[in-house]
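Here the sequence shown stands for residues 1 to 96, where the numbers follow full-length UniProt numbering.
C-beta atoms are modelled at their ideal positions from N, C-alpha and C, and glycine is treated no differently.
This report concerns only the one structure given below.
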Amino acid sequence: MPRNRQRTTTKAAWTEENLQSAKIAIERGSSIRKAAKQYNIPFSTLKDRLKNEDMSSPRLGRKPVFTQQQETEIAEQVTGFAVLWTQYRRFAKTGL
């Protein structure tokens with residue numbers, strides 16, 4: 001049974017909704033520092049996200065090596081090879 005483990009880090013504790021709200025507050029005339037403090041987003045994070053116009057949710061950990069499409073293609077190929085290997089083993093076992 002899986003346990004519900006508590007987070008031990010405070011990194012990326014903000015949400016995408018907080019980021020959007022902070023952006024709106026800044027557009028209405030609030031300073032970046034004030035919006036960062038009000039919405040519990042680190043100042044440097046908010047500044048970088050506004051500069052790059054990257055309003056996606058926070059990501060922790062390593063970046064993926066393959067895209068989702070590449071992973072799907074690899075999985076399909078591996079599944080196809082598994083079927084072929086099974087058929088080959090049956091053929092080799094019967095000696096046909």
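field: Three-way DSSP call (helix, strand, coil) for Thr72 in this model
entry: helix
message: Can you find the residues in the same chain that come closer than 8 Å, C-beta to C-beta, to Met55, ignoring five residues on each side of it along the sequence?
response: Glu16, Leu19, Gln20, Lys23 and Arg49
task: Go ahead and pull the three-state DSSP assignment for Ala25.
output: helix
task: Verify whether the separation of the beta carbon atoms of Ala12 and Pro58 is less than 9 Å.
output: yes
field: Outcome for Leu60 when other beta-carbon atoms lying within 10 angstroms are tallied against a minimum of 16
entry: exposed
- request: Answer yes or no: do Trp14 and Ile32 have a C-beta to C-beta separation smaller than 9 Å?
  value: no
message: Can you look up Trp14 in the DSSP assignment and give me helix, strand or coil?
response: coil
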